[in-house]
Amino acid sequence: MDDDDEVEINPDTDLLSEPSIGEEEEVETDAEALDSWESFHEHIDALIVNEHCDEPIRNLDERRRTVLNRVRHQFQTAPKGTAERCATEKPLIDQQLELSSQRLDELVRFGDELVSNVRVANERRELNRRMFESQQQSMTQMQLQRESIETMAKFEDIKARWTELEEINEPMMLWDQIEEQKKRIAEIMQRKDEMIDACQKEVDRINAKYDFDRERQSQDLCCLVERVDHQVEVLKEAYKQHLQMLRHTIEEERQLFAVSAVEKWRTFFDALNKNFDEKANLVRSRQQFYANQTQHINESQEELTKSTRIRLEKECERLELELRRTRDNVLMNSEKLDYNYQVLQKRNEENVIINNQQKRRVARLHESIGRIRRALKNLQLSGKRNIERLSQDIYKLHANIHEMETKAHQARLNNKEKFNRIWEINFKELNQLVDRVYHIDRIIHEQQLGPSLGAAHSSDTQHIPVGARRHNKRRLPKNRVLPQDGAKFKPDIKELPIESLRLMRNLVRKLSDRGGFLIEQRLIKILEPYSEEDKCLVRLDNIFAALRIQRLSDVQELTQVFLPYTYCPNCQPGGLSPRKCAEVFMKHQTSSRLDPDVQAQMDDQELHREQEHHIDTFMVKGYEAAKACKNHYLVMEPALCLHAMNLYTTKMHKQMYHNMPGRQSIAVNLIPFSDKDIRNFWRQFAGCFPPAKCKLWKTLEHGLNHYVEVLKMRVQYDAEVVFLRRQNDELRHLLQKFKV
């Protein structure tokens, strides 16, 4: 495994190349011809091996394949234990399932190792880079420290020589020493420039290395994606082959079971033919036995009949006695009934009196109901008047709010204009200051450092125009006046194509089935005995009127909204996947939880573009499927019908209300920058002057100050020289006088 870790992936070549058309045809023919595990493994190995891979990666895959084959051979040649012998006695289907799970697990582990190789190579490369960068950094720091020590030593030497120059009185020697001091200073400055250039080269090298590493990382990611895609294709093919093998195993098991059943029936009929004579003798003996039993039963039945006749005669005498007793009881009950009748008649008279009292009470209740109804009507009238008065107050408040929002918008515009004007003034002044600093720097550079400096670089900061920034908007209160459409006309339904008519019929049926929760169970029970046509409670015209569909274009737009949620039962027998239904419901719940203001601020153009993209994709797929399927028609899941209808109503609501001419959007915040953003923007100008230039300015300042001191000393020396020359002239003149 150490050799595998040391393998480095070449980023300039592709890890896995796309197979050619011939290779795909060979894979399909091999998939049909697979009948054993050996052919299956040969097919998988052919899919894994790719001749277009890099040489290190191919060697790595070959080594892993060699190790895998060696482990398989060891397992095959190992002596079988009790568990393996039990496994061989299992049914073929169980053995096939275990073997398929083992092989698929091996493929998954192999794919994990392929993906982990890229990660190991990246980690090794990152480790090497960090070690190299740490070494380079330590070397650079050592060089800078060494240079600093040498420079300080030279600086101390120069400083000591200045003290020596103060003791020299001869001008020529003083001039020579000053020139040597200049050379030493120039040498120090040259060493500093060389170190600065070396540091700049190191920075450039690090930037180039970073760009190269980033490119290699992107290539490694591409390589990893290709490996994953290839491994997914391999696993798909492996699962298909294992399913095919499992079908073959089940078919073989069924054939074995059929053969064994046929063999059992054959042996049974052979035994039946052999024992036919024995069965005939057995039948005759059974008939004789049944005749004897029948005679015995007849004799016993005659004896039972005699005993039953005697018992019934005794029972008849007993019943006559019971009849006499019952007659006496009936006479006594008739007397009791007469007495009860008299009692009930008295109670009836009492009930008549109570009913009269109840009628009078009901009359009084009706009078109270009438009074309550009159009071309710008066209350309704007063409520309507209050509602009208409150509505007028609301309209006035809306007008006042609109006026206040207009004034606030004007104030925001004024503030924005002032902010822009101050921003421009500050930006121009700061640019002028920066240009002035660069101009002074160029003059100092040309005067002090010799060669001319190139054009000064302007600041890297960008002037952000305030007027072009995006700002948040909110809607004005909804206009309560609906747009007046033109004259209504009835669209001709015959203009629709046959597929659209079928789809609309299915959609209406799904809508009616899905609307069961709006109907009470009692009404559903009442409608059960009727036919399907008589059960219709809502007509299509009423549905279109509720949805405000008046033109054929509206029907086509509704059809386009429903198309992404439809499918063909012939092309897709399983219907839509549960995952897609769950995603639709989760998306619907998430959108329903959003705040209405947030929904109003969404980008309608982006949503419309996304919907058109989905519809175009679905139309292309549907056209291709219609070519392949003879009886191609579209149906829809009831679970998605209400969701699609909600999308359509939401879209039409936005078109009718949110995009009305009376609506206008007012910017809430025309200056969306925070104080932190503004401070960060103005702090960018601090980066106009790099640290190297600041250090250079400090060094020049120190040198110029020292040069000024030297010039002051030179002026003093020149004055002393002039004074000494004058004294020499006077002395020479006096000497000439004395000589004369």
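Taking full-length UniProt numbering, the leading residue of the sequence shown gets 1, the next gets one more, and so forth.
We put the beta carbon where it would ideally sit given N, CA and C, even for glycine.
Which listed residue (Gln143, Asp441, Phe155) has its alpha carbon closest to that of Lys695: Against the sequence shown, residue 695 aligns to sequence position 695. Of the candidates Gln143, Asp441, Phe155, the one whose C-alpha sits nearest the C-alpha of Lys695 is Asp441.
Residue range of the unbroken alpha helix (DSSP H) whose run includes Phe198: The residue labelled residue 198 in the question sits at position 198 within the sequence shown. Residue identity differs from the one stated: residue 198 is Ala in this sequence, not Phe. From DSSP, the alpha helix (DSSP H) with Ala198 extends over 171-274.
Per-residue DSSP class, three states only, for Tyr567: Locating residue 567 in the sequence shown gives position 567, counting from the first residue. DSSP places Tyr567 in strand when its eight states are reduced to three.
Residue burial classification, Val722 (beta-carbon count within 10 angstroms, cutoff 16): Residue numbering aside, residue 722 sits at position 722 when the sequence shown is read from its first letter. By the neighbour-count rule (16 or more Cβ atoms within 10 Å), Val722 is not buried but exposed.
Pair within 8 Å by beta-carbon distance, Leu224 and Val118: For the purposes of this step, residue 224 is taken as the residue at position 224 of the sequence shown. For the purposes of this step, residue 118 is taken as the residue at position 118 of the sequence shown. Contact flag set, yes.
Distance between Cys316 and Pro529 (C-alpha atoms, nearest Å): Locating residue 529 in the sequence shown gives position 529, where the first residue counts as 1. Locating residue 316 in the sequence shown gives position 316, where the first residue counts as 1. Roughly 55 Å between the two C-alpha positions.
For Arg726, three-class secondary structure by DSSP: Along the sequence shown, one-based indexing puts residue 726 at 726. It is helical.
Identity of the residues DSSP links to Val635 by a beta bridge: Walking along the sequence shown from the start, residue 635 turns up at place 635. The partner list for Val635 (beta bridge, DSSP) reads Tyr567.
Phe110, enclosing alpha helix (DSSP H) - first and last residue: Locating residue 110 in the sequence shown gives position 110, where the first residue counts as 1. Per DSSP, Phe110 belongs to the alpha helix (DSSP H) from 92-165.
Separation of Tyr239 from Glu126, as counted between CA atoms: Indexing the sequence shown from 1 puts residue 126 at position 126. Indexing the sequence shown from 1 puts residue 239 at position 239. For Glu126 and Tyr239, the distance between alpha carbons rounds to 37 Å.
Euclidean distance between Cα positions of Arg371 and Arg389: To locate residue 371, count along the sequence shown from 1; it is residue 371. To locate residue 389, count along the sequence shown from 1; it is residue 389. Taking the straight line joining both Cα atoms gives about 27 Å.
Environment of Arg470 [buried if 16+ CB atoms lie within 10 Å]: Locating residue 470 in the sequence shown gives position 470, where the first residue counts as 1. Because Arg470 carries a pLDDT of 39, less than 50, the predicted location of this residue cannot be relied on, and the following value inherits that uncertainty. Answer is exposed; the Cβ neighbour count stays below 16.
Inter-residue Cα distance where the pair is Ala291 and Phe269: Locating residue 291 in the sequence shown gives position 291, counting from the first residue. Locating residue 269 in the sequence shown gives position 269, counting from the first residue. Distance between the alpha carbons of Ala291 and Phe269: 31 Å.
Run of the alpha helix (DSSP H) containing Lys676, from where it starts to where it stops: Position 676 of the sequence shown, counting from 1, holds the residue named residue 676. Note, Lys676: alpha helix (DSSP H), 675-683.
Simplified DSSP assignment, three categories, for Arg551: Here residue 551 corresponds to residue number 551 of the sequence shown, with the count starting at 1. Correct three-state label for Arg551: coil.
Separation of Lys192 from Thr151, as counted between CA atoms: If you number the sequence shown from 1, residue 151 lands on position 151. If you number the sequence shown from 1, residue 192 lands on position 192. Straight-line Cα distance between these residues: approximately 9 Å.
Nearest residue (CA-CA) to Leu92, options Lys314, Tyr395, Glu251, Val561: The residue labelled residue 92 in the question sits at position 92 within the sequence shown. Taking only the C-alpha atoms, the option nearest Leu92 is Glu251.
Proximity below 8 Å, CB of Phe689 to CB of Leu430: For the purposes of this step, residue 689 is taken as residue 689 along the sequence shown, with counting starting at 1. For the purposes of this step, residue 430 is taken as residue 430 along the sequence shown, with counting starting at 1. It is not a contact, given that the beta carbons lie outside the stated cut-off.
Rounded distance between the beta-carbons of Leu558 and Tyr648, thought under 8 Å: Numbered from its first residue, the sequence shown carries residue 648 at position 648. Numbered from its first residue, the sequence shown carries residue 558 at position 558. With a Cβ gap of about 6 Å, Tyr648 and Leu558 count as contacting.
For Ile671 and Lys416, believed in contact at Cβ under 8 Å, the rounded distance: The sequence position of residue 416 within the sequence shown is 416, counting from 1. The sequence position of residue 671 within the sequence shown is 671, counting from 1. That pair is a contact at about 6 Å.
Distance between Asn728 and Arg436 (C-alpha atoms, nearest Å): Stepping through the sequence shown from its first residue, residue 436 is reached at position 436. Stepping through the sequence shown from its first residue, residue 728 is reached at position 728. Taking the straight line from one Cα to the other gives about 52 Å.
Inter-residue Cα distance where the pair is Ala65 and Val232: One-based indexing of the sequence shown puts residue 65 at position 65. One-based indexing of the sequence shown puts residue 232 at position 232. The residue asked about is misnamed: residue 65 is Arg in this sequence, not Ala. Arg65 and Val232: Cα-Cα distance of roughly 18 Å.
Cβ neighbour criterion (16 or more within 10 Å) applied to Ser100: As a working note, residue 100 is residue 100 in the sequence shown. Flag for Ser100 reads buried.
Nearest neighbour of Thr655, chosen from Lys693, Cys568, Asp554 [CA to CA]: Stepping through the sequence shown from its first residue, residue 655 is reached at position 655. This sequence places Gln at residue 655; Thr is not what is there. Gln655 has its Cα closest to that of Asp554, out of Lys693, Cys568, Asp554.
Rounded straight-line distance, which links the Cα of Asn506 to that of Asn570: Within the sequence shown, residue 570 is the residue found at index 570, counting from 1. Within the sequence shown, residue 506 is the residue found at index 506, counting from 1. Roughly 16 Å between the two C-alpha positions.
Best match in Arg551, Asn426, Phe132 for proximity to Arg679 [C-alpha to C-alpha]: As a first step, residue 679 must be located in the sequence shown, where it is residue number 679. Of the candidates Arg551, Asn426, Phe132, the one whose C-alpha sits nearest the C-alpha of Arg679 is Asn426.
Ile549 classed as buried or exposed, judged by whether at least 16 other C-beta atoms fall within 10 angstroms: Within the sequence shown, the letter at position 549 stands for residue 549. That one is buried.
Simplified DSSP assignment, three categories, for Gln572: The sequence position of residue 572 within the sequence shown is 572, counting from 1. Three-state DSSP puts Gln572 in coil, outside helix and strand.
CA nearest to the CA of Ser498, picked from Leu734, Asn631, His733: Counting from one through the sequence shown, the residue named residue 498 turns up at place 498. The sequence shown places Ile at residue 498, rather than the Ser named in the question. Nearest option by C-alpha distance: Asn631.
C-alpha gap between Arg360 and Asn340, whole angstroms: Your numbering for residue 360 matches position 360 in the sequence shown. Your numbering for residue 340 matches position 340 in the sequence shown. So the alpha carbons of these two residues sit roughly 31 Å apart.
Nonlocal neighbours in the same chain, by C-beta distance under 8 Å from Gln448, ignoring five residues either side: Counted from its first residue, the sequence shown places residue 448 at position 448. Leu700, Gly703, Leu704.
Residue from Arg311, Glu730, Trp162, Asn329 whose Cα sits closest to the Cα of Gln177: Position 177 of the sequence shown holds residue 177. The candidate whose alpha carbon is nearest that of Gln177 is Trp162.
Gln181 versus Trp175 - alpha carbon distance: As a working mapping, residue 181 is identified with position 181 in the sequence shown. As a working mapping, residue 175 is identified with position 175 in the sequence shown. Whole-angstrom Cα-Cα distance: 10 Å.
DSSP state of Ser531 mapped onto helix, strand, coil: Numbered from 1 along the sequence shown, position 531 holds the residue referred to as residue 531. Note: Ser531 maps to coil in three-state DSSP.
Beta-carbon gap between Met195 and Glu164 smaller than 8 Å: Taking the sequence shown and counting its residues from 1, the one referred to as residue 195 is at position 195. Taking the sequence shown and counting its residues from 1, the one referred to as residue 164 is at position 164. The answer is no: Cβ separation not under 8 Å.
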